[in-house]
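Student: Residue numbers (the numbering used here): 12 to 731.
Just so you know, even glycine gets a beta-carbon here, dropped at the ideal spot from N, CA and C.
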Amino acid sequence: MSENEIKNTPEIFLKPYDPKEHEKNIYKLWEESGYFNPDNLPGEREEAFTIVMPPPNANGSLHAGHGLVFTIEDIMVRFERMRGKKALWLPGADHAGFETQVVYEKKLQKEGRSRFGMDPKELYDEIMDFTLSNKSFMENQVRELGASCDWSRQKFTLDDDVIEIVYNTFKQLEEDELLYRGARIVNWCPKHQTSLSNLEVNYYERKDPFYYFQYGPFVIGTARPETKFGDKYVVMHPDDKRYSEYEHGQKIELEWINGPITATVIKDEAGDPEIGSGVMTITPWHSNIDFEIAKRHNLDYEQVIDWRGKLLPIAGEFAGMNITEAREAIVKKLDEKGLLVKIEENYEHSVPCCYKCDKEIEPQIREQWFVKMKPLAEKAVTALDAGEFKFITDRDERVFRDWMNKIDDWNISRQIVWGIPIPAKVCGSCGHGMVDLKDTIKKCTKCNGAVSPDPDTFDTWFSSGQWPLATTGFPDGKDFDTYYPTSVMETGKDIIFFWVSRMIMLGLYRTGKVPFRKVYLHGMVRDKHGQKMSKSKGNVIAPSEVQERFGTDALRMGLMVNNAPGSDMNLDVDKVNAYKKFANKLWNISRFTLDNLAGYDPQTKLTDTDTQNIKTHLTTAITEITDHMNKDRFDIAAERIYHFVWDYFASTLIEESKSLLNSEDVSVKASRQKLLAEYLTTSLKLLHPFMPFVTETIWQELPKELKDQDILMVAKWPDE
RNA sequence: GACCGAUUAGCUCAGCUGGUAGAGCGCUACAUUGACAUUGUAGAGGUCACAAGUUCAAGUCUUGUAUCGGUCACCA
């Protein structure tokens, strides 16, 4: 009989729970079991559950936000795995184009080097080495967080098959006429010397002088005198009565910065009579609105500022000057010529800046590849309307819809080396761009002119926007059939536009199906006072340090409890400490239970009291917790389990059992043993998705009679 | 400028479809070496931002006000 099976309580329990002692071994146990790979999971499993991991940037170590991502996703996957699904969590790493190049440029700078002037190939190889070494370092950290992802399916955004999918999408976009190469105003960062998408620009409120100049018979206002060299069009609203004497197209001779010029009057509704004098001159090469006006009236364009942010020869004596130093000099000259009317100080406006270096963006006209987004966005909205996917919070859905409704064409060209090269040829004479996957185009298909390869790379989000396809082996991999559309996309709400929206649009475009059924967006992790973590503030909480002090399970609980989906959370290490104590509590609960199991008989019948106890306490706990899990309220579920285990199991049930375990009545004692064992195994299961290490460590020490699987990770979720 | 969110215990935050306020940390007192490098018990502390409204009943719904955040747009 089993009496012999239940030996003394394992010695391991004589010491408090020490995470460091067990975590590595437990992860190894899981990894070697093969159960991270859904193909190896025990039992018949019909339904797939898939999460594609947001691939962390392979250019640094993990931060607290990563801790949250991997915890939430691991909870989801472990839960579904225990519920008998084919649970796949597909890990990856992101080369993170511009982000990584910026990190690497800082490194170069420290070494007294610069990417400008370097051989592009050499630079690429260096960044590749850097990225690959970071990648393996980072993967280790993912393991330490307990992530139960299938490493055998791991993907890197520069894998050949990923690139192939990206190239085919590029080609198909061309065939479907959703792609064009054209001269458009782009956001140009003079420091990084690349264009950026609208999303990569931050605006800062600033107070600057605002200048009024005499421009022939008009007074014009500007905050940017340095762009005014090429201004030979003067624009006003057609209905502005003050200027009704001037006609559209009328030529006016006037004195300007570097001598007399001929200006042309343009009547356009973009001229706002309310602002300044109601008259403006335009600089189509360096302003979006001006560019639009110029296009409407078929006006000339001229570049005034070069790619490094210096004035071109058109500026005459000012050529070669930096725009900031040029500004004063130009105002001075105009003043000397008697053309400065007045200066208004403290003009409030917002200035676009590079999101990486905070340097001012210089709008420029440049030939770039653009994707027409409207048709793609419409399909995404239709799919949302049809319920093919949903956002966990209504708030996120509204944010998504708003953006979809006013989406701009997407500039996918970047002038950086670190990324996927754009497979295209550009005509030297007419500027026509042609997608060329196999390097077969030798002459311009439009004008027969000579062509050269496009030196640019893709915006990194263009490739990661196809991540769910790439990871599941679109178009013909078997994983694609089984796991696409994936179940959940869980990522930070800060990349809803950058990434989530693009995956939806590109996924629908390539496959006709949404890439995921559900979007769960978490908020940002801040410090305990709600401050954004930053190195300069010195308030960065590195997950590895917290794990070191309190254990991974404690960190995971600290990140989950009281953290409502979608809202930002403040992480306080004191809170994490509370869950370290909780892990130890569970440890001692297990010790007590095992201490009292001598003579345990699985065949024992529960007394009526104990049967009733299960119904009123255990079953309701299971039901409620499962319910919260199903609603993605892991924060509430975690708290419910915590109180169930501590307040009920430990404080109430164990306390009242102490006397019953000494009962003269054998059936009462045996029933209690069974009851406690039942509570213990169930608690371990309920808690496992949240605190996988301590629960698995305990599970490994339990006698066989109590277990339905050798490994808790694949044990069956308790029945309600 | 447009939109969105937040305002609940000293601190950081939960509170789902409305029914006399909860967690962690901190604080006070007492008990305890017991499964528990502790834990247990008891307690202090909140007119749930403000105002009006709906309701038998409002942190919870509606409207408005204030303060703080966020997102998007925009350099005449």
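Which whole-angstrom value describes the C-beta separation of residue 518 and residue 479, a residue pair presumed to lie in contact below a C-beta threshold of 8 Å?
Tutor: 6 Å
Student: Alpha carbon to alpha carbon, how far is residue 229 from residue 265?
Tutor: 10 Å
Student: May I ask which residues mark the beginning and end of the alpha helix (DSSP H) holding residue 36?
Tutor: 30-44
Student: Tell me the DSSP bridge mates of residue 99?
Tutor: 61
Student: How far does the beta strand (DSSP E) with residue 611 in it reach, from first residue to last?
Tutor: It is not in any beta strand (DSSP E) - residue 611 carries neither H nor E in the DSSP assignment.
Student: Got a sec? Which residues, its chain only, sit under 7 Å from residue 13 by beta carbon, not counting five neighbours each side?
Tutor: With a pLDDT of 39 at residue 13, under the threshold of 50, the modelled position of that residue is not reliable, and no figure is offered here.
Student: Run the CB neighbour count on residue 458, radius 10 Å, all protein chains shown included, and call it buried at 16 or more, exposed below.
Tutor: exposed
Student: Quick one: grab the DSSP three-state call for residue 807.
Tutor: Only positions 12 to 731 of the chain appear in the structure, and residue 807 is not among them; the question remains open.
Student: Using the rule of at least 16 other Cβ atoms within 10 Å of the residue's Cβ for burial, across every protein chain shown, is residue 15 buried or exposed?
Tutor: Low confidence applies here, because residue 15 scores a pLDDT of 39, under 50, leaving its location unreliable and the question unanswered by this model.
Student: Going by beta carbon distance, what residues of the same chain come within less than 7 Å of residue 71, once the five residues before and after it are set aside?
Tutor: 114 and 145
Student: Within 10 angstroms of its Cβ, does residue 82 collect 16 or more other Cβ (buried), or is it exposed?
Tutor: Around the beta carbon of residue 82, 16 or more other beta carbons sit within 10 angstroms, so the residue counts as buried.
Student: Runs of 3 residues minimum, wholly inside the region 417-473: which ones carry the beta strand (DSSP E) assignment?
Tutor: 435-438, 444-446 and 462-464
Student: Compare the C-alpha of residue 608 against each of 637, 690 and 544 and name the closest.
Tutor: 690
Student: Go ahead and label residue 726 buried or exposed: buried means 16 or more other beta carbons lie within 10 angstroms of its beta carbon, across all protein chains shown.
Tutor: buried
Student: Specify, as a first and last residue, the run of the beta strand (DSSP E) that residue 107 falls within.
Tutor: No beta strand (DSSP E) holds residue 107; DSSP gives it neither H nor E.
Student: Go ahead and label residue 104 buried or exposed: buried means 16 or more other beta carbons lie within 10 angstroms of its beta carbon, across all protein chains shown.
Tutor: buried
Student: Can you check which of these residues, 436, 239, 247 and 257, is closest to residue 342 by C-alpha distance?
Tutor: 239
Student: Among residues of its own chain, excluding the 5 on either side of residue 686, which ones have a beta-carbon nearer than 6 Å to its beta-carbon?
Tutor: So the qualifying residues of the chain are 621.
Student: Give me, in chain order, the residues of the same chain whose beta-carbon lies closer than 6 Å to that of residue 211; leave out the 5 immediate sequence neighbours on both sides.
Tutor: 366
Student: For residue 12, name the three-state secondary structure that DSSP assigns.
Tutor: Unreliable placement is indicated for residue 12, whose pLDDT of 35 sits below 50; the coordinate value is still reported in the next sentence. Looking at residue 12 - three-state DSSP - the assignment turns out to be coil, as it is neither helix nor strand.
Student: Based on Cα-Cα distance, which residue from 374, 55, 449 and 515 lies nearest to residue 299?
Tutor: Shortest Cα-Cα distance from residue 299 to any of 374, 55, 449 and 515 involves 374.
Student: What does a CB cutoff of less than 6 Å around residue 135 pick up in its chain, not counting 5 residues either side in sequence?
Tutor: 428
Student: Which residue from 388, 92 and 47 puts its Cα closest to that of residue 732?
Tutor: For residue 732 there is no data in the structure shown, the boundaries of the chain being 12 and 731.
Student: Here's the rule I'm using: 16 or more other beta-carbon atoms within 10 Å means buried, otherwise exposed. How should residue 271 be labelled?
Tutor: exposed
Student: Do residue 20 and residue 606 come within 8 Å of each other at the CB atom, strictly closer than that value?
Tutor: yes
Student: Exposed or buried, which one is residue 501 when buried takes at least 16 other CB atoms within 10 Å?
Tutor: buried
Student: Report the three-state DSSP secondary structure of residue 360 (helix, strand or coil).
Tutor: strand
Student: Run through the region 102-161 for me and flag every whole alpha helix (DSSP H) of 4 or more residues, listed as ranges in chain order.
Tutor: Entirely contained in the region 102-161, the alpha helix (DSSP H) runs reaching 4 residues are, in chain order, 108-121 and 131-155.
Student: What residues are listed by DSSP as bridge partners for residue 389?
Tutor: Paired residues: none, contrary to the question.
Student: Of all the options 149, 333 and 193, which has the alpha carbon lying nearest to the alpha carbon of residue 236?
Tutor: 333
Student: Is it right to say residue 152 is buried, meaning 16 or more other beta carbons lie within 10 angstroms of its own, or is it exposed?
Tutor: buried
Student: Tell me the residue span of the alpha helix (DSSP H) that contains residue 710.
Tutor: 703-712
Student: Quick one: grab the DSSP three-state call for residue 27.
Tutor: coil
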